[in-house]
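The block underneath contains the structure these notes are about, expressed in structure tokens.
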Amino acid sequence: QVHRLGPGGSEPVDALTVAGRRYLTWHEATERAWTLAPFRPADGPRSTTVAVPGGTAEEPLDDGDGRRAGVLGRSWRPLEGVVELDAVPLPGDVWRVAVTLTNTTACPPPPDPRTARDALAAHGFMSTHTVLRCSEGAAFVSLADPPAPLRGAADSCRNEGTWPVLVGRPAGDRQRARSVLSSPVTLEDFPAVAPESPGDLFDGGEIDQLLILSVLSLTPREQEEARASDPRAREILDRCAALSADELMALHGTIREFRPPKEAAP
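If you read the sequence shown in full-length UniProt numbering, its first letter stands for residue 1, the second for the next number, and so on.
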């Protein structure tokens, strides 16, 4: 929430320009991280409570002469959730691991259905990512391209609102890894920043060109609002606007390698 300081004190406003920079009242996300204790599949199910206490913070907005012109106030609601870990044994010394995050935050019903999205956003875990690591001697198996003997086990996995992929430095076997990233965004195994990416933009992968073109198609008013709402958005807008035609074409498509076709199963 942006507050303007005047003779009568502080008052909330939708927008405020200070020292040539425009500030908007808007919703932003804050990154939180939890590290859970080691989990042994043979030990059975385990639940862990995660919580974020509510709070507030203020950022002063000073003009070019060093005088206080406004305040950017941030506030967040308390969040509570439960992370459940479980593992089911499968034939062949294989375990199917399950991670479930349940939001248990007390959330009052929104007063107006037209503004329900904004009202409920403060009570949600947004864009939750899970990173799993296994000990030496064990490995996770790719769900997108599992080894043939484990294809049935991989097909039996269910992912709701998340997509697990292998991460880390791939060795000779690209179907196994000791680490998994499960995110709301669909990625391929061993995701990596494309060499053609002109900088830290979005995912640094194959959809950079599409997203850059979407950014460049924003109206001047939309670009102004994006610049005022988030320093990261302002940085992306500036970088996209500075791209040359050759740099855009470099994102169009590149052949990394040729792989022989797999033989059909008998």
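Positions of the beta carbon are idealized from the N, C-alpha and C atoms, including for glycine.
Short check: CB of residue i to CB of residue j, under 8 Å?
i           : j    : result
T56         : E80  : no
W34         : V50  : yes
G66         : L16  : no
V131        : L181 : yes
A233        : A226 : yes
R77         : H123 : yes
residue 322 : V83  : A question about residue 322 goes unanswered here, because the residues of the chain that appear run from 1 up to 266.
S142        : D112 : no
T162        : S183 : yes
L36         : V94  : no
R32         : V52  : yes
Check each candidate in the options and name the one with the smallest Cα separation from residue i.
i    : options                : result
P191 : V83, G168, L218        : G168
A144 : E136, A138, A153, G137 : A153
P147 : L120, R133, A177       : A177
E235 : M249, I212, L248, E247 : I212
V193 : A245, E224, D208       : D208
S10  : P53, L36, R68          : R68
R239 : F125, L216, R259, H129 : L216
N103 : G54, L248, L5, M126    : M126
In three-state terms, what does DSSP make of residue i?
i           : result
G55         : strand
G81         : strand
S156        : coil
residue 327 : Lying before the first or after the last residue shown, residue 327 is absent from the chain, which here runs from 1 to 266.
S135        : coil
V185        : coil
D238        : helix
L61         : strand
T100        : strand
D18         : Note on identity: in this sequence residue 18 is Val, with Asp being the wrong assignment. If DSSP states are grouped into helix, strand and coil, V18 belongs with the strands.
L251        : coil
L24         : strand
A233        : helix
A192        : coil
S214        : helix
Check the DSSP bridge columns for residue i and list the partner residues they point to.
i    : result
W76  : G55
A177 : F140
A245 : Answer by DSSP bridge pairing: none, since A245 is not bridged.
P110 : P110 is not bridged to any residue.
V167 : S179
P12  : H3
P89  : W95
T130 : S182
S47  : E84
V71  : H3, P60
Quick check: what's the CA-CA separation for residue i versus residue j?
i    : j    : result
V185 : L72  : 31 Å
P170 : V13  : 51 Å
P231 : R22  : 11 Å
P108 : R117 : 13 Å
D246 : H252 : 10 Å
L237 : A42  : 50 Å
A228 : L24  : 6 Å
R158 : F39  : 20 Å
P60  : D173 : 53 Å
P45  : G20  : 56 Å
G137 : L90  : 18 Å
S214 : Q223 : 11 Å
T219 : L120 : 29 Å
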